[in-house]
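Read in numbering that gives the first Met the number 0, the sequence shown has 362 at position 363, and its numbers run on one by one without any break. Here's the structure, in structure tokens; my notes come after.
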Amino acid sequence: MEQKLFVYNTLTRKKEEFKPLNPGHVGMYVCGPTVYSDVHLGNCRTFISFDLIFRYLLHLGYKVRYVRNITDAGHLEGDADEGEDKVSKKAKIAQLEPMEIVQKYTVDFHNVMQIFNSLPPSIEPTATGHIIEQIELVKAILAKGYAYEVDGSVYFDVEKYNQTQDYGILNGRNLEDMLNNTRSLGGQNEKHGKLDFALWIKAKPEHLMKWPSPWGLGFPGWHLECSAMSNKYLGQQFDIHGGGIDLMPTHHTNEIAQNVACCGKNPASYWLHTNMLTTNGQKMSKSLGNSFLPHELFLGTHPLLKKGYSPMTVRFFFMQASYRSTVDFSNEAIEAAEIFYKKLSEAAKKLITLQQAAITNVDDDTDKAINGYCDDCYTGMNDNFNSPKTLEALSNLSKWVNSYASSTRNSGEITAQTFERMKKTYNDFFFDVLGLKTEDGDNADTDELMQLVIKLRNEAKQNKDYATSDKIREGLKNIGFQLNDNKQGTTDWVRI
Ligand SMILES: [Zn+2]
């Protein structure tokens with residue numbers, strides 16, 4: 000079946016048919032994490048959403064080059080060139096090298112992504128690995144007259160750019176409106192205009208990560224890396240650029256300005272943005288105490304959570320909403336997702352061994368309905384990756400699978416061809432497209448066994464036999480069990 004995929008493009012503010020620049024090939028860039036602290040759940044949702052998109056494009060047969068960067072330098076505390084570099088600040092507090100911070104949180108990020116069963120991107124470039132490319136880009140923008148240097152820093156001249164281009168093309172706002180709504184921020188005495196942003200920032204003597212450049216020792220502005228790296232790996236123009244909606248007004252707006260200034264082209268045909276997470280209807284934020292880290296959610300250790308939820312339940316929970324909708328966390332909502340996930344997961348397990356009995360009498364209505372549900376799996380995803388619609392179709396298929404697998408089956412028979420199509424569609428969407436896995440149920444025996452292992456490990460720790468306690472912890476992790484260490488010792492565990 001020839002599939003027509005439609006995507007919502009933030010740039011045009013409408014749903015459009017997806018037509019890649021080179022037929023059969025897709026170039027996709029997604030802004031990755033700044034690796035200075037534990038990845039928060041909102042970020043996880045963004046990357047899981049783009050994992051779904053990546054997986055569906057692969058399923059449709061596209062050859063996809065998916066680039067997701069790691070920001071390991073240049074991201075200041077404020078998005079408008081104010082405050083300290085996030086990685087450097089953390090390094091100073093922890094008395095570590097910035098690259099130790101980067102290494103720790105990059106490894107942690109990869110682990111979390113793997114726990115959520117997200118595929119790695121095709122290329123994962125780092126900002127510090129592309130300083131030369133970024134300097135070249137600054138030089139090109141300077142040469143085109145859209146930037147200026149002040150005392151070792153280089154700024155992008157937004158007002159000049161807007162004379163011939165539309166700076167607010169992505170967020171749909173005009174320059175005057177943006178100027179009126181912008182506070183005066185860092186580097187303001189050097190900037191010609193309030194909206195100007197740094198391409199290159201002069202490093203103060205105490206700044207930890209700095210590089211020589213034609214303008215002296217400094218470091219790149221945060222927005223620059225994505226322009227430089229997308230350009231390098233995907234070319235001046237590619238198909239999809241994605242990220243969280245919070246990146247759209249400033250980071251992505253500035254990325255487009257940089258690319259147009261240097262190369263005369265908006266880099267991406269389709270700009271896709273994921274929405275935010277809320278808790279009980281309120282925006283998730285550290286200061287409100289209503290945001291949780293992935294492991295708090297798995298172990299149920301956050302005060303707002305009644306219990307822990309498996310990574311696949313959380314992934315499923317995200318899939319129950321379109322990536323463009325907000326997702327609201329509540330115990331009731333995620334418990335409902337857990338039940339729904341288990342239902343679809345049980346059907347996936349049954350399907351592995353389900354064999355069709357000899358067909359005696361094909362029921363046309365059932366046969367037609369099953370084919371319709373298989374089509375619906377595609378209809379959902381083709382409609383801007385609408386995973387809830389696809390889950391509904393899988394749910395309809397699962398009812399038939401359960402009925403057919405039970406001895407008291409009350410569904411009509413289907414043709415061998417429909418049976419095979421149903422099996423393949425269910426497997427393709429549950430495992431490959433939605434990226435779900437089945438989980439083996441943990442029974443009381445497993446918990447008893449784990450409590451025994453935890454007790455032995457606690458004893459090893461009390462005897463200061465840390466080699467053994469580490470060995471137990473790592474060994475368990477390798478086979479999919481994570482222990483929850485807290486002040487009282489270790490009391491709990493979770494499957495990862
Ligand atoms: Zn970016």
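In this text, a Cβ means the ideal position worked out from N, Cα and C, and glycines have one as well.
Legend entry - Pair within 8 Å by beta-carbon distance, alanine 347 and threonine 417: By 1-based counting over the sequence shown, the position of residue 347 is 348. By 1-based counting over the sequence shown, the position of residue 417 is 418. Going by beta carbons, alanine 347 and threonine 417 fall outside the 8 Å limit.
Legend entry - Where glutamate 158 falls: helix, strand or coil (DSSP): Your numbering for residue 158 matches position 159 in the sequence shown. Here glutamate 158 carries a helix assignment [DSSP, helix/strand/coil].
Legend entry - Given glycine 488 as reference, the closest of Ile478, Thr181, Arg472, Ile495 once Cα atoms are compared: Position 489 of the sequence shown, counted from the first residue, corresponds to residue 488. Selected option, being the one with the closest Cα: Arg472.
Inset, instruction - Can you give me the start and stop residues for the beta strand (DSSP E) that tyrosine 7 sits inside? - result: As a first step, residue 7 must be located in the sequence shown, where it is residue number 8. From DSSP, the beta strand (DSSP E) with tyrosine 7 extends over 5-8.
Legend entry - Best match in His294, Phe328, Phe429 for proximity to valine 38 [C-alpha to C-alpha]: Against the sequence shown, residue 38 aligns to sequence position 39. Out of His294, Phe328, Phe429, the CA that lies nearest to the CA of valine 38 is found in His294.
Inset, instruction - Check whether the Cβ of aspartate 195 lies closer than 8 Å to any Cβ atom in chain B. - result: Structure shown: chain B not included; a single protein chain is present.
Inset, instruction - Would you mind working out which of Glu189, Pro204, Phe108, Trp199 sits nearest glutamate 135, comparing C-alpha positions? - result: Residue 135 sits at position 136 when you count from the first residue of the sequence shown. Ranking Glu189, Pro204, Phe108, Trp199 by CA distance to the CA of glutamate 135 puts Trp199 first.
Inset, instruction - Would you mind stating whether methionine 421 and cysteine 376 have Cβ atoms separated by less than 8 Å? - result: The residue you call residue 421 lines up with position 422 of the sequence shown. The residue you call residue 376 lines up with position 377 of the sequence shown. No.
Legend entry - Alpha-carbon to alpha-carbon, phenylalanine 328 and threonine 278: Taking the first residue of the sequence shown as 1, we reach residue 278 at position 279. Taking the first residue of the sequence shown as 1, we reach residue 328 at position 329. The straight-line gap from Cα to Cα measures roughly 5 Å.
Inset, instruction - Would you list the one or two residues that DSSP bridges to tryptophan 221? - result: Within the sequence shown, the letter at position 222 stands for residue 221. The partner list for tryptophan 221 (beta bridge, DSSP) is empty, contrary to what the question assumes.
Inset, instruction - Can you tell me which of the three DSSP states histidine 206 falls into? - result: Along the sequence shown, one-based indexing puts residue 206 at 207. Histidine 206 falls in the coil class under three-state DSSP.
Legend entry - CA-to-CA distance, glycine 307 to methionine 177, given in whole angstroms: By one-based count along the sequence shown, residue 177 stands at place 178. By one-based count along the sequence shown, residue 307 stands at place 308. Methionine 177 and glycine 307 have their C-alpha atoms spaced approximately 43 Å apart.
Legend entry - For ligand 1, residues whose Cβ lies under 5 Å from any non-hydrogen atom: Those satisfying the condition are, in chain order, Cys30, Cys225.
Legend entry - Nearest candidate by alpha-carbon position, reference lysine 14, set Glu189, Val157, Asp382: Taking the first residue of the sequence shown as position 1, residue 14 is located at position 15. Of the candidates Glu189, Val157, Asp382, the one whose C-alpha sits nearest the C-alpha of lysine 14 is Asp382.
Inset, instruction - Can you grab the Cα-Cα spacing for the pair leucine 207 / leucine 40, in whole Å? - result: Position 208 of the sequence shown, counted from the start, is the residue given in the question as residue 207. Position 41 of the sequence shown, counted from the start, is the residue given in the question as residue 40. Distance between the alpha carbons of leucine 207 and leucine 40: 29 Å.
Legend entry - Residues bridged to serine 152 [DSSP beta-bridge criterion]: Within the sequence shown, numbered from 1, the residue matching residue 152 stands at position 153. Note: serine 152 sits in a beta bridge opposite Val149.
Legend entry - Cβ contact check for the region 255-271 and the region 131-147: 3 or more pairs under 8 Å: At 8 Å Cβ cutoff, the stretches touch.
Legend entry - Spatial neighbours of asparagine 68 in its chain, beta-carbon cut-off 6 Å, leaving aside the 5 residues before and after: Locating residue 68 in the sequence shown gives position 69, where the first residue counts as 1. For asparagine 68, the CB contacts under 6 Å within the same chain, skipping 5 residues up- and downstream, are Gly31, Pro124, Met228 in chain order.
Inset, instruction - Apply the 10 Å Cβ neighbour rule to alanine 466 and answer buried if 16 or more other Cβ atoms are within range, or exposed otherwise. - result: Locating residue 466 in the sequence shown gives position 467, counting from the first residue. The residue is exposed, with fewer than 16 neighbouring Cβ atoms inside 10 Å.
Inset, instruction - Determine the direct distance from the alpha carbon of isoleucine 255 to that of aspartate 238, and round the result to whole angstroms. - result: Here the question's residue 238 lines up with position 239 in the sequence shown. Here the question's residue 255 lines up with position 256 in the sequence shown. Approximately 14 Å between the Cα atoms of the pair.
Legend entry - CA-to-CA distance, tyrosine 55 to aspartate 150, given in whole angstroms: On the sequence shown, residue 150 is found 151 positions in, with the first residue counted as 1. On the sequence shown, residue 55 is found 56 positions in, with the first residue counted as 1. Approximately 48 Å, taken between the alpha carbons.
Inset, instruction - Round the Cβ separation of tyrosine 425 and leucine 396 to the nearest angstrom and send it over; I've been treating them as touching at under 8 Å. - result: For the purposes of this step, residue 425 is identified with residue 426 of the sequence shown, where counting begins at 1. For the purposes of this step, residue 396 is identified with residue 397 of the sequence shown, where counting begins at 1. That pair is a contact at about 5 Å.
Legend entry - Terminal residues of the alpha helix (DSSP H) in which tryptophan 399 lies: Sequence index remark: in the sequence shown, residue 399 carries index 400 (1-based). Note, tryptophan 399: alpha helix (DSSP H), 386-404.
Legend entry - Same chain, Cβ closer than 7 Å to alanine 415, five either side skipped, listed in chain order: Here residue 415 is taken as the residue at index 416 of the sequence shown, counted from 1. Result list for alanine 415: Gln355, Ile358, in chain order.
Inset, instruction - Please classify glycine 167: is it buried, with 16 or more other beta-carbons within 10 angstroms of its beta-carbon, or exposed? - result: As a position in the sequence shown, residue 167 is number 168, starting the count at 1. With 16 or more Cβ atoms within 10 Å of its Cβ, glycine 167 is classed as buried.
Legend entry - Endpoints, beta strand (DSSP E) assigned at lysine 13: Taking the sequence shown and counting its residues from 1, the one referred to as residue 13 is at position 14. Start and end: 13-16.
Inset, instruction - Give the straight-line distance between the Cα atoms of aspartate 363 and threonine 378, rounded to the nearest whole angstrom. - result: Within the sequence shown, the letter at position 364 stands for residue 363. Within the sequence shown, the letter at position 379 stands for residue 378. Going by C-alpha positions, aspartate 363 is about 22 Å away from threonine 378.
Legend entry - Alpha-carbon to alpha-carbon, threonine 325 and valine 6: Start at 1 with the first residue of the sequence shown, and residue 6 comes out as number 7. Start at 1 with the first residue of the sequence shown, and residue 325 comes out as number 326. Valine 6 and threonine 325: Cα-Cα distance of roughly 18 Å.
Legend entry - Those residues which DSSP pairs with glycine 241 across a bridge: By one-based count along the sequence shown, residue 241 stands at place 242. In DSSP, glycine 241 forms a bridge with Val29, Leu271.
Legend entry - Contacts around arginine 314, its chain only, beta-carbon distance under 7 Å, and the 5 residues preceding and following it disregarded: Here residue 314 refers to the residue found at position 315 of the sequence shown. Closer than 7 Å at the Cβ level, and outside the excluded window around arginine 314, lie Ile47, Phe115, Asn116, Gly434, Leu435.
Legend entry - Own chain residues within Cβ distance below 6 Å of valine 25, not counting five before or after: In the sequence shown, residue 25 corresponds to position 26, counting from 1. Excluding residues within five positions, the ones whose Cβ falls inside 6 Å are Pro19, Leu56, Tyr61, Val63, Asp238.
Inset, instruction - Out of Tyr269, Asp464, Asn462, Leu451, point me to the one whose CA is closest to leucine 475's CA. - result: One-based indexing of the sequence shown puts residue 475 at position 476. Nearest neighbour of leucine 475 by Cα position, chosen from Tyr269, Asp464, Asn462, Leu451, turns out to be Leu451.
Legend entry - DSSP bridge partner residues for threonine 70 (one or two, in chain order): In the sequence shown, counting from the first residue as 1, residue 70 sits at position 71. DSSP lists Thr33 as partners of threonine 70.
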